[in-house]
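Below you'll find the structure, written out as structure tokens, and then a few comments.
Protein chains in written order, with my numbering: chain A, 1 to 346; chain B, 347 to 897.
Okay, structure coming up:
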């Protein structure tokens with residue numbers, strides 16, 4: 001009654017199918033990307049135009065570093081594009097990368113690349129305050145300010161365990177020490193309007209709706225909302241808020257995180273991968289990042305977009321990112337211990 | 347029985363090897379997860395797990411499970427009973443329309459409901475216009491981004507699991523017991539609670555367990571609503587502490603608890619014997635609901651379909667049209683549509699064949715112990731998708747490494763990745779996740795039909811292949827088509843495993859939606875999202891026309 005041949009045939013034809021897909025005539029570069037394809041599209045289109053190399057992208061939000069590690073020396077990954085210093089640190093500790101040629105990395109300032117050349121940052125984003133135009137008068141603030149009692153019931157942010165906030169809270173630990181950061185985080189928690197929910201855009205919406213007066217978020221979301229033609233109502237939400245670049249009380253500047261790139265340890269198309277990385281740190285690519293995604297170029301001398309420039313100048317925190325990355329686990333434990341994601345406790 | 351025993355005697359070594367293989371293959375994700383968890387004890391010093399929020403998360407998870415479990419039980423059982431026992435306006439249309447929310451993934455329903463009910467959505471905007479206020483602080487409105495909101499959204503899309511199992515049960519059941527109760531003077535309410543409810547418990551439990559497992563492995567919808575669940579704790583442990591092993595340990599504990607609950611239910615049910623006479627001579631005769639009650643039943647059930655299907659689809663349709671008008675249609679959407687249908691089709695076929703083989707093997711005397719291991723596989727369903735996917739990626743990668751070592755030793759050259767990062771990995775993940783659905787449906791179908799026809803064919807001298815193609819398949823096909831439809835829908839909706847295991851450069855509709863949504867470009871996600879629902883609703887519609895799901 002049962003024919004064991006059928007499942008076997010099915011398996012065989014499937015593996016043949018996947019093997020056939022691997023053959024290709026043109027030069028290609030395989031990208032494992034934590035960055036959304038829509039954000040990469042303009043950059044990769046220009047790269048293909050210039051080099052004739054076809055980029056093939058695999059996007060996922062989590063687990064790509066682990067997948068590359070599991071695939072080992074057979075992995076097709078030539079480069080891994082990531083957001084957040086945490087992913088860059090994980091890529092290094094899982095040994096899925098190899099050193100990038102020093103001359104390619106030359107344009108990038110030393111604090112934004114790995115000393116062992118295992119990764120380099122490509123863009124910067126600043127963790128800032130979005131404040132209500134109507135209900136907030138201040139034009140300069142420090143991160144310490146939002147712990148004060150005058151902000152009770154006025155502050156919003158996304159989940160404390162989201163990597164965007166973990167990197168930020170790690171930088172608080174770097175500047176305030178463990179105990180200082182805990183006290184600060186507890187006070188900020190008690191100033192929240194409720195439980196942290198939603199994404200960075202939702203925080204801007206909350207300011208628009210009057211639920212909160214100040215939110216913590218990345219700069220580039222404001223740029224994306226203010227120029228959103230597909231959902232024009234977002235322009236209206238964003239217009240209700242403005243940006244303050246907070247400083248640290250110890251004189252350090254605004255916390256920045258990065259998006260970056262890793263060269264795959266077993267990159268089957270190594271020359272193409274290096275060509276892509278060389279392109280990504282070029283002035284042209286850096287300008288595309290700045291114009292289409294409103295991030296800050298990591299290469300000095302390339303200006304931000306006019307819109308971003310209109311928000312004023314700021315000084316980025318110059319604490320090396322690897323020092324902050326080393327504090328991420330502690331930050332996550334801190335968020336857990338003070339029950340930040342449970343909202344105000346008083 | 348004698349025929350069964352005679353067949354069992356013919357069991358050779360090949361089918362036995364096949365049995366072991368099937369069990370191993372379906373248990374692989376659990377084995378991989380356990381290996382990950384154990385590596386945390388043997389590897390370098392652990393980064394620990396996030397312990398403070400965990401008890402709270404456990405509490406919230408169980409509250410969510412309790413609410414969604416109860417409400418889907420009420421909605422599913424109630425609607426199934428109504429459409430099979432009562433006649434009211436629209437009952438025929440509703441009998442299949444009630445299945446439609448199954449085509450809407452929870453993450454899409456969550457998005458659509460938030461769009462509708464949040465501050466900037468149409469409902470509150472209208473309300474502010476009527477009240478003449480501007481700020482959210484000037485009036486009170488239900489917060490959709492809350493645990494209550496999550497429970498609501500999940501209930502209205504997940505109840506069809508209960509509806510389907512209960513309706514199949516009611517359609518089959520003889521009306522004799524109920525008729526006797528009524529004849530002895532029990533009113534309709536008492537009959538329902540003392541006869542119908544206890545009798546339908548097995549069907550109810552099957553449906554509700556599927557719902558609960560779905561709730562447990564959900565991350566998308568839950569995180570969107572700001573609920574602290576165990577899944578959130580698992581992710582934070584993995585991503586922020588860099589402790590994948592710790593995440594696997596929490597997942598294992600979660601699985602253990604789920605396993606205990608399911609076991610307790612089965613053990614409790616064993617005390618009762620369920621006699622299900624297939625006596626078609628006493629069919630339950632549906633009675634007509636009069637006037638106002640007919641209207642109430644009709645409006646209530648249409649309301650449920652509207653909440654789980656109509657409104658989310660309308661919201662997505664609106665966004666899709668508006669976005670396409672401004673930005674055009676990304677050609678990648680059409681590619682994704684083709685690939686989705688192809689992969690889901692292959693996986694459904696595989697699930698059908700395997701589900702049939704297992705259902706048949708399990709009916710032979712002497713095999714149940716081996717296959718009871720298979721039931722372990724169903725627990726894989728409750729693991730947060732991405733953690734399961736990482737477990738699979740690691741184990742498939744390991745097998746690939748062995749294959750390559752072997753190939754090098756034999757031929758001097760590696761063969762590259764064969765299992766991981768291929769269509770195989772994706773189809774395999776789907777089969778492992780959804781085999782239980784096809785197997786369950788086919789097993790129920792075999793029970794319902796019985797083996798009398800096969801035995802008759804054998805007596806008349808039909809060979810094994812003739813019996814298969816002229817008796818078995820023709821009489822079983824509605825069941826097979828129904829099972830295929832259910833698995834197909836699940837494959838089309840599946841996100842976390844698809845995202846992480848798919849081949850380089852391949853996109854399905856679900857990954858396309860996710861990529862746009864995580865760039866916070868929700869309107870760009872609307873059209874492919876609508877296609878997911880359409881591709882899923884199509885089999886529901888077709889099956890209803892063919893009276894398959896109605897059985």
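Cβ coordinates follow ideal geometry from the N, Cα and C atoms, glycine included.
Residue-chain proximity (residue i, chain A), Cβ-Cβ < 8 Å
{"i": "residue 669 of chain B", "result": "yes"}
{"i": "residue 752 of chain B", "result": "no"}
{"i": "residue 483 of chain B", "result": "yes"}
{"i": "residue 499 of chain B", "result": "no"}
{"i": "residue 689 of chain B", "result": "no"}
{"i": "residue 598 of chain B", "result": "no"}
{"i": "residue 580 of chain B", "result": "no"}
{"i": "residue 681 of chain B", "result": "no"}
{"i": "residue 608 of chain B", "result": "no"}
{"i": "residue 374 of chain B", "result": "no"}
Through-space distance from residue j to residue i, alpha-carbon basis
{"i": "residue 42 of chain A", "j": "residue 509 of chain B", "result": "47 Å"}
{"i": "residue 737 of chain B", "j": "residue 649 of chain B", "result": "41 Å"}
{"i": "residue 852 of chain B", "j": "residue 833 of chain B", "result": "21 Å"}
{"i": "residue 829 of chain B", "j": "residue 789 of chain B", "result": "10 Å"}
{"i": "residue 97 of chain A", "j": "residue 57 of chain A", "result": "18 Å"}
{"i": "residue 673 of chain B", "j": "residue 86 of chain A", "result": "34 Å"}
{"i": "residue 821 of chain B", "j": "residue 575 of chain B", "result": "45 Å"}
{"i": "residue 424 of chain A", "j": "residue 135 of chain A", "result": "With chain A covering 1 to 346 only, the question about residue 424 of chain A has no answer from this structure."}
{"i": "residue 669 of chain B", "j": "residue 230 of chain A", "result": "6 Å"}
{"i": "residue 780 of chain B", "j": "residue 884 of chain B", "result": "19 Å"}
{"i": "residue 108 of chain A", "j": "residue 297 of chain A", "result": "10 Å"}
{"i": "residue 45 of chain A", "j": "residue 857 of chain B", "result": "21 Å"}
{"i": "residue 483 of chain B", "j": "residue 579 of chain B", "result": "32 Å"}
{"i": "residue 205 of chain A", "j": "residue 492 of chain B", "result": "17 Å"}
{"i": "residue 342 of chain A", "j": "residue 138 of chain A", "result": "29 Å"}
{"i": "residue 480 of chain B", "j": "residue 310 of chain A", "result": "29 Å"}
{"i": "residue 797 of chain B", "j": "residue 860 of chain B", "result": "46 Å"}
{"i": "residue 702 of chain B", "j": "residue 817 of chain B", "result": "15 Å"}
{"i": "residue 172 of chain A", "j": "residue 460 of chain B", "result": "33 Å"}
{"i": "residue 383 of chain B", "j": "residue 747 of chain B", "result": "21 Å"}
{"i": "residue 842 of chain B", "j": "residue 215 of chain A", "result": "30 Å"}
Extent of the continuous alpha helix (DSSP H) to which residue i belongs
{"i": "residue 571 of chain B", "result": "Counting along the chain, residue 571 of chain B falls outside any alpha helix (DSSP H), and DSSP gives it neither H nor E."}
{"i": "residue 55 of chain A", "result": "Element bounds for residue 55 of chain A: not the alpha helix (DSSP H) but the beta strand (DSSP E), 54 to 59."}
{"i": "residue 293 of chain A", "result": "283 to 293"}
Interface flag, residue i vs chain B, CB-CB below 8 Å
{"i": "residue 30 of chain A", "result": "yes"}
{"i": "residue 52 of chain A", "result": "no"}
{"i": "residue 100 of chain A", "result": "no"}
{"i": "residue 339 of chain A", "result": "yes"}
{"i": "residue 49 of chain A", "result": "no"}
{"i": "residue 37 of chain A", "result": "yes"}
{"i": "residue 209 of chain A", "result": "yes"}
{"i": "residue 148 of chain A", "result": "no"}
{"i": "residue 332 of chain A", "result": "yes"}
{"i": "residue 196 of chain A", "result": "yes"}
{"i": "residue 90 of chain A", "result": "yes"}
{"i": "residue 26 of chain A", "result": "no"}
Min CB distance residue i to chain C below 8 Å
{"i": "residue 59 of chain A", "result": "Any reference to chain C falls outside this structure, whose protein chains are A and B."}
Limits of the unbroken beta strand (DSSP E) element including residue i
{"i": "residue 121 of chain A", "result": "120 to 132"}
{"i": "residue 242 of chain A", "result": "241 to 244"}
{"i": "residue 263 of chain A", "result": "256 to 263"}
{"i": "residue 169 of chain A", "result": "Looking at the DSSP string, residue 169 of chain A is not in any beta strand (DSSP E); the run it does join, the alpha helix (DSSP H), is 163 to 191."}
For residue j and residue i, believed in contact at Cβ under 8 Å, the rounded distance
{"i": "residue 102 of chain A", "j": "residue 117 of chain A", "result": "6 Å"}
{"i": "residue 34 of chain A", "j": "residue 127 of chain A", "result": "Contact flag wrong, Cβ pair sits at about 18 Å."}
{"i": "residue 644 of chain B", "j": "residue 434 of chain B", "result": "5 Å"}
{"i": "residue 262 of chain A", "j": "residue 91 of chain A", "result": "5 Å"}
{"i": "residue 193 of chain A", "j": "residue 133 of chain A", "result": "At roughly 18 Å, the Cβ-Cβ gap does not stay under 8 Å, so residue 193 of chain A and residue 133 of chain A are not in contact."}
Note to self: At 4 residues or longer, what runs of the alpha helix (DSSP H) sit wholly inside the stretch 756 to 824 of chain B?
What the structure shows: 769 to 795, 798 to 805, 810 to 813
Next item on the list: Within the stretch 439 to 476 of chain B, note down every full alpha helix (DSSP H) run reaching 4 residues or more, in order along the chain.
Entry: 452 to 463
Next item on the list: Jot down the residue ranges of each uninterrupted beta strand (DSSP E) in the stretch 502 to 530 of chain B, minimum 3 residues, whole runs only, in chain order.
Entry: none
Notebook entry, point to check: At what residue ranges does the stretch 644 to 668 of chain B contain a whole run of the alpha helix (DSSP H), taking only runs of 4 or more?
Noted result: none
Margin query: Which runs of the beta strand (DSSP E) at least 3 residues long sit entirely within the stretch 28 to 97 of chain A? Give them in chain order.
Written below: 28 to 33, 54 to 59, 79 to 83
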